[in-house]
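Each residue of the sequence shown is one higher than the last, beginning at 1 in the working numbering.
Everything below concerns the one structure shown next.
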Amino acid sequence: MKFEHVGMVGYGEVGKIFTAGLKDRVSAVSVWDLKFDTPGSREAHLAQAAQAGVAACGPMAELCVKSDLLISAV
1 MKFEHVGMVG
11 YGEVGKIFTA
21 GLKDRVSAVS
31 VWDLKFDTPG
41 SREAHLAQAA
51 QAGVAACGPM
61 AELCVKSDLL
71 ISAV
């Protein structure tokens, strides 16, 4: 089975390592993390995802809808 779009729940240390390894092997990688909704740290975490070349999702439901495979790294 081939997965085109992988979603990562959790974009901490492990999530960043996993997505770095996956992003060149699939069509798209998206991530969601609770910190994306945390005032005061939101912008920094979203910027890290953008700099890494992965799409940050707003609500987790968005991540679930667009992903063929979800990986939880929390």
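Beta carbons are placed, not taken as given, at the ideal position from N, Cα and C, and that holds for glycine.
Note that the structure is a prediction, hence the values are computed from the model and not measured.
On the DSSP letters alone, give me the boundaries of the alpha helix (DSSP H) that residue i sits inside.
i	result
Met60	Met60 to Lys66
Specify the secondary structure class of residue i as computed by DSSP and reduced to three states.
i	result
Ala55	strand
Val14	helix
When you compare only the Cα positions, how much space is there between residue i and residue j?
i	j	result
Leu69	Arg42	25 Å
Leu22	Ser30	10 Å
Glu4	Ala28	7 Å
Lys2	Val26	9 Å
Please list the terminal residues of the continuous beta strand (DSSP E) segment that includes residue i.
i	result
Ala28	Ala28 to Trp32
Gly7	His5 to Val9
Ser75	Outside the modelled stretch of the chain, which goes from 1 to 74, sits residue 75, for which no answer is possible.
### Query
When the Cβ atoms of the segment 53-60 are set against those of the segment 8-24, are three or more pairs found closer than 8 Å?
Three or more beta-carbon pairs separated by less than 8 Å link the segment 53-60 to the segment 8-24, which places the two stretches in contact.
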